[in-house]
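Below is one structure, written out as structure tokens, with a few remarks after it.
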Amino acid sequence: MTAIDVKHQARESRRLGGLDGLRGFFMIVFMGYHFGLSQLDGAWIAISMFFVLSAYLIGSLLMREYERAGSISFLGFYQRRVRRLLPALFTVLLFVGVYAMATYSPIMRKQVGGDILASLGFFLNWRLIGRADDYFAEFGSQPLLRHLWTLSVEEQFYVLVPAIVLVLIATRRRSRAVVICLTLVGVSLWMTQRIGISTIGTQSRVYYGTDTRMHAFAIGLMLAVVAPIGKPLPDWSRRPVAVSAAWLSFTALMAGVFLLPAMSAWVYVQGGIVLVAIALGVMVLGAANNASGAFGRAMSVGPLAWAGVRSYGLYLWHWPVIVVLKEQAPQLGFWAMFGLAFILTFILASFSYRFLEKPVIDGGFGALLPSPVVSRTLFLALFSCVLVASAALVRTDTSRAAGTYDNVGFLDDDDANSQPLAEPIRVGITGDSVAHGLAQNFPSARFKDIELVNLSVEGCDFSLWTPMVMNAGPIDPDPKCVALLDQFEERVRDAKVDVVLMVGLNWGPVPHWDNNGLVVETHDRRYLERLEDALEGLLADSLNGGAESFVVTNIPCRQDLSTAQVGWPENIVEFARAYPERSLAFTSPTAFNKWLGSWANGSQVPMLDLYSAFRCDLGFRPTVNRVSVWEDFLHYTPEGSALVWSWVIPRIREQHQEGQRS
């Protein structure tokens, strides 16, 4: 090796050190947000940074390969990707599969199994889109593998990138290649604006979509065209103005981390996400230039570069770690959980890098253990275990999904004497995510005379207006919710439902934005008439659809929203502190329940009084009859759901028997 080669290798190492440090810094920001620092509302910027940087590195690598060999080996590229990604990924997927088998309900196990298969096939982002997954939902069950959607997007990009790079090289002029990249940026932005963010479904589509993320990859490829790694950086990139631009971009982006929520019109509708990616590109070039630039040297500091080298393991493990901690140790305080999550994640990532990632990167799968044959056998065994676990989870029998909770006691001890109906009946439960959770955790083995039909839609507000809580402004109604209301009679008829149980007014006691962006209070006649119209429509559709009766539940008391718990959204706490009277109307919904009772009485509809059943006159109780009832400020735990059903079903039986006698 010549002196020039040594100098070039040293310079290359320094440049990668700056990029590693940048990746490590944003990985820590990303983890901080997922671990509960809700102030980092714009941590989604880190995702765009990973995409820009990945495309820059991969694009530079492929261009260098073409210059050296005169061609690009597609097979060789994909083999390198397999070695880089699969060993550590298989380990995480196996852990998640075993954990789900050991702790999750049948319905959740089935979903995790599907998510594992989607992660193996690198199409998890489209699976999440298919179920309108809300990435920013901060309550309820969090999918253990949700974070792997970004890996799926990257792998879909990797399928295409060798061909794209060949097209860029074939232009023979840097300016033409830049135009192609900018065209891809424009197409991606057009797709994003065309889809919009007016509903939960479209928000999921633009956030998880491969096409709506292509702008970041295109900008990374454009960087590889104008300043590829492995060649001296252009003179202009080393000038003071370029270094200053990197610092300005970093400052602006860090402000964005605190100030830019992802689901804002500026980000998606007005093109802000592309401006963010451009600023990230400027910052990436600054980090690459740490031979003579202050920004690059700052990013090259040891701890950041160390974290950057291990960022793949940090990425893989951090989300399962925090989800498991929240599920298994909810009693931990915020900072104890935050610190423990960081420690465990760094330990697991270090282990992954030392014993899985680096040996395979350096020597292939045969380098995992001293014996190549044993190493390859171990890798195949790991892959087989993941497949077996995912297949077992997918094949989970969910017909008796809540059997685990059949032995939960009764909310009212007298209900132990309730006798099953002589003839089974079909009960259709309708409502929002609360109703959906009750349906998922219905103890079917306990109530064999009741066949439950889930007619609920998560996130559905039957006023078709937007609750002031959890939203920054009015959004268009979810099409699934609109369809439910439009087709309710048909759905009741098709399901052959005997009783419709309405558990869908859980956001009823909070003010709503109307479609014009005006706040409408819960006592406003416009709002109450809107709810009355919805209830009257559901009542008529139920009876016209063949149901014998329509039953509503009122709303129990909830925990004080100002007492933040781990996993609660920050905007819930902010709402409670900014509007204490409105918050009280939600947590102690006596006024709303009085109105609902008046409507039910006037419409001759039975109303099940959950507020009284939970003895809310004595105050909120998180635990009832030794059962932890609440998963968060709104939803029931699986055991809590079983406790609710222990009270609801005897009353549905009574109502049905009275109807039969009359």
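Here the sequence shown is numbered in this note's numbering, starting from 76 and rising by one per residue.
All C-beta atoms, glycine included, are put in the ideal place defined by N, C-alpha and C.
> With a CB to CB cut of under 6 Å and the five nearest residues on each side skipped, what residues in its chain are close to S796?
Replying inline: Here the chain has residues from 76 to 737 only, and residue 796 is not among them.
> Between which two residues does the alpha helix (DSSP H) harbouring T267 extend?
Replying inline: R249 to I270
>> Check for me: the beta strand (DSSP E) holding F625 runs from which residue to which?
In response: S624 to T628
>> Does W265 pass the burial test, meaning 16 or more other C-beta atoms within 10 Å, or should it be called exposed?
In response: exposed
> Skipping 5 residues on each side, what residues in its chain have a beta carbon closer than 8 Å to that of A476?
Replying inline: Low per-residue confidence applies at A476: pLDDT is 46, beneath 50, and the placement is therefore not dependable enough to give any value.
> Does the region 623 to 637 come close enough to the region 685 to 695 that 3 or more CB-CB pairs lie under 8 Å?
Replying inline: yes
> Is W582 helix, strand or coil by DSSP?
Replying inline: coil
> Are there 16 or more other CB atoms within 10 angstroms of the CB of L335, so buried, or fewer, so exposed?
Replying inline: When all chains shown are included, L335 counts as buried.
> In whole angstroms, what separates the C-alpha of T246 from that of A252?
Replying inline: A252 has its alpha-carbon roughly 6 Å from the corresponding atom of T246.
>> Just to check my reading of the structure: P309 and M138 have Cβ atoms closer than 8 Å, yes? What is that Cβ distance to the nearest angstrom?
In response: 15 Å between Cβ atoms; not a contact.
> What residue range is occupied by the uninterrupted alpha helix (DSSP H) comprising L559?
Replying inline: P554 to D561
> Is it a yes or a no for the region 285 to 292 touching the region 344 to 354, going by three-plus beta-carbon pairs under 8 Å?
Replying inline: yes
> To the nearest angstrom, how far is it from the Cα of G583 to the Cα of F333?
Replying inline: Looking at the two C-alpha atoms, the distance is approximately 31 Å.
> Considering E526, what are the terminal residues of the beta strand (DSSP E) in which it resides?
Replying inline: Per DSSP, the continuous beta strand (DSSP E) segment holding E526 begins and ends at I525 to N529.
>> Taking a contact to mean a Cβ-Cβ separation below 8 Å, would you say S324 touches A352 in this structure?
In response: No. Outside cutoff.
>> What does DSSP give as the partner residue(s) for R501 in the beta ladder?
In response: E526
> Going straight from the alpha carbon of H222 to that of T166, what length do you get?
Replying inline: 15 Å
> Rounded to the nearest angstrom, how far is the Cβ of G188 from that of L468, given a contact under 8 Å?
Replying inline: 3 Å
>> Quick check on the DSSP output: what are the complete alpha helix (DSSP H) runs of length 4 or more inside the region 372 to 411, in order along the chain?
In response: Assignment of alpha helix (DSSP H) within the region 372 to 411, counting only whole runs of 4 or more residues, yields 377 to 384 and 386 to 403 in chain order.
>> Let me confirm a value: F170 is counted as buried when at least 16 other C-beta atoms fall within 10 Å, else exposed. Which label applies?
In response: F170 comes out buried.
> Is the CB of L355 under 8 Å away from at least one CB in chain C?
Replying inline: The displayed structure is made up of one protein chain only, and chain C is not part of it.
> Do the CB positions of V318 and L97 come within less than 8 Å of each other?
Replying inline: no
> Can you tell me whether DSSP reads L335 as helix, strand or coil?
Replying inline: The answer is coil: DSSP assigns L335 none of H, G, I, E or B.
> Using the C-alpha atoms, what's the distance from D489 back to F214?
Replying inline: Confidence at F214 is low in this model, with a pLDDT of 49, below 50, so the placement of that residue should be treated as unreliable; the coordinate-derived value is given next. Straight-line Cα distance between these residues: approximately 33 Å.
> Quick one, which of R568, L576 and D551 has its alpha-carbon nearest N590's?
Replying inline: D551
> Secondary structure at P725, three-state DSSP: helix, strand or coil?
Replying inline: helix
> To which residues does DSSP link L576 through a beta bridge?
Replying inline: Paired residues: I504 and V626.
> Just how far apart, CA to CA, sit K401 and W392?
Replying inline: 14 Å
>> For E623 and K571, what's the separation of their Cα atoms in angstroms?
In response: 10 Å
> In three-state terms, what does DSSP make of V461?
Replying inline: helix
> Applying the criterion that 16 or more other CB atoms from any shown protein chain within 10 Å of the CB defines a buried residue, is K16 buried or exposed?
Replying inline: Nothing about residue 16 can be reported from this structure: the residues present for the chain run from 76 to 737 only.
>> Judging by CA-CA distance, which residue of D553, L593, E565 and V502 is the nearest neighbour of M543?
In response: For M543, the nearest C-alpha among the options comes from L593.
> CB Y283 to CB I204, shorter than 8 Å?
Replying inline: yes
> Buried or exposed: where does R248 fall if 16 or more other Cβ atoms within 10 Å of its Cβ makes it buried?
Replying inline: exposed
> Is it buried or exposed for V585, if we count other Cβ within 10 angstroms and need 16 for buried?
Replying inline: buried
> Given G439, which residues of its chain have a CB within under 7 Å of its CB, disregarding the five upstream and five downstream residues?
Replying inline: R158
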